[in-house]
Amino acid sequence: MATRKTTSSKSPKKSPKKTDGKKVTRSIGKSKTTPSSLPKSKKPTPTPRKRKTTKKQPFKVMNSRKKELFPWIETFPYFLQDLTENKKCWFTCEEHAEKYVDRYNCKYKLYKYTGTYIKEPVV
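Take a look at the structure:
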């Protein structure tokens, strides 16, 4: 059986030494000191406080009998006027209009048709 050579041709690297003959150490990463072992001035800062949540404003719906604002009265009885971008929107229910206002964070006027409408007979 043949014997293997276990040593390499390269010589091992020597670690750098200080002038007094001690080995030079380099720190890599975080120190392993615990917060209680730190001096009082070096203790970690407390965690930041949570933001205060603002209370949600009640959703305002105004009644309207103007037929010109509601071209599709049967399917879309809610008319929303977006005042920030000057848009007109129609919705099937109040929840959909509220979702739109929450998503786009806009100033609005919301109207619900309260007048009576007569369904035209199909001929």
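For the sequence shown, the working numbering begins at 2 and goes up steadily by one. Note that beta-carbon positions come from the ideal geometry of N, C-alpha and C, so glycine has one too.
Where residue i sits in the DSSP three-state scheme
i, result
"Leu84", "coil"
"Lys18", "strand"
"Glu69", "helix"
Opposing strand residues paired with residue i [DSSP bridges]
i, result
"Lys89", "Gln82"
"Lys24", "Lys18"
Endpoints, alpha helix (DSSP H) assigned at residue i
i, result
"Lys110", "No alpha helix (DSSP H) holds Lys110; the beta strand (DSSP E) holding it covers 109 to 114."
"Val62", "Unbroken run through Val62: none, as it is neither H nor E."
"Glu96", "95 to 105"
Cβ shell of residue i (< 8 Å), same chain only, five flanking positions each side left out
i, result
"Lys18", "Lys24, Val25"
is_contact[residue i, chain D] using C-beta, thresh 7 Å
i, result
"Lys88", "Going by chain labels, chain D is absent from the structure shown, which holds only one protein chain."
Same chain, Cβ closer than 6 Å to residue i, neighbours up to 5 away in sequence not counted
i, result
"Cys107", "Asp83, Thr85"
"Met63", "Tyr112"
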